[in-house]
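Novice: The structure that follows is given in the form of structure tokens.
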Amino acid sequence: MRSLLSILLLLVLSASCKDTGSQPVLVSSDEMKELMAIDSLQLIDVRALEAFQEGHLKGAQNLIYDEDFDKKIKLLDKNKPVAVYCRTGRRSKKCTAILKEAGFKQIYQLKGGLSQWEYTNELIRDTINNQHL
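Going from the sequence shown to our numbering is simple: count from 1 and add 580.
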């Protein structure tokens, strides 16, 4: 049942993304948690490595926002949904604009970043098996 709800959420969010000309979609903590259940989601944490190691969302890869961000995103699949977050939402907003310009089809941004994340038990706080690009 949960996977059916996740698929429905992705379809609704995808439709809204298409209706706005592939505009990035701001999502709440609840919506992000549902998106995280989708296997094809590319979850991207754009904070510095140190911040990522202090705590990040389960399944996130660290793709640091810097002057090479546009080169780093070439490792991602433009046809799969991508969700971006940072601490407050400022950096992730800049990143979603870069992703849109690069031709990504489904882009989601966590509204308010981790500072608004409501599920503290979903944060991974170890440095073992961290993925960063």
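Yeah, the Cβ is synthetic: ideal placement off N, Cα and C, and Gly gets one too.
Under the three-state reduction of DSSP, which class applies to S695: helix, strand or coil?
Specialist: Counting from 1 along the sequence shown, the entry for residue 695 is found at position 115. In this structure, S695 counts as helix in the three-state DSSP scheme.
Novice: Helix, strand or coil for L703 per DSSP?
Specialist: Residue 703 sits at position 123 when you count from the first residue of the sequence shown. Strand, per DSSP.
Novice: In terms of residues, what are the limits of the alpha helix (DSSP H) holding A677?
Specialist: Numbered from its first residue, the sequence shown carries residue 677 at position 97. Element bounds for A677: R670 to E681.
Novice: Just to confirm my understanding: we take A640, look at its own chain, exclude 5 residues before and 5 after, and list those with CB closer than 6 Å. What are they?
Specialist: In the sequence shown, residue 640 corresponds to position 60, counting from 1. Same-chain partners within the cutoff: L623 and D625.
Novice: Nearest by alpha-carbon distance to T668: which of Y699, S602 and R627 is it?
Specialist: Position 88 of the sequence shown, counted from the start, is the residue given in the question as residue 668. The candidate whose alpha carbon is nearest that of T668 is R627.
Novice: Ignoring anything shorter than 3 residues, give me the beta strand (DSSP E) runs that lie fully in the segment 612 to 639, in order along the chain.
Specialist: 622 to 625
Novice: What is the residue span of the beta strand (DSSP E) that Y645 lies within?
Specialist: Within the sequence shown, numbered from 1, the residue matching residue 645 stands at position 65. Note, Y645: premise wrong, no beta strand (DSSP E); not H, not E.
Novice: Assign S672 to one of two classes, buried (16 or more other C-beta atoms within 10 Å of its C-beta) or exposed (fewer than that).
Specialist: The sequence position of residue 672 within the sequence shown is 92, counting from 1. Answer is buried; the Cβ neighbour count reaches 16.
Novice: On a Cα-Cα basis, can you pick out the residue from K613, G692, Y699 and A682 that is closest to F649?
Specialist: Counting from one through the sequence shown, the residue named residue 649 turns up at place 69. Checked all of K613, G692, Y699 and A682; the closest Cα to F649 is A682.
Novice: How would you label D706, buried or exposed, when you count the other beta carbons within 10 angstroms and need 16 or more for buried?
Specialist: Position 126 of the sequence shown, counted from the start, is the residue given in the question as residue 706. Annotation note: pLDDT 49 at D706 (below 50); position unreliable, coordinate value reported separately. The residue in question, D706, is exposed, as its Cβ has fewer than 16 Cβ neighbours within 10 Å.
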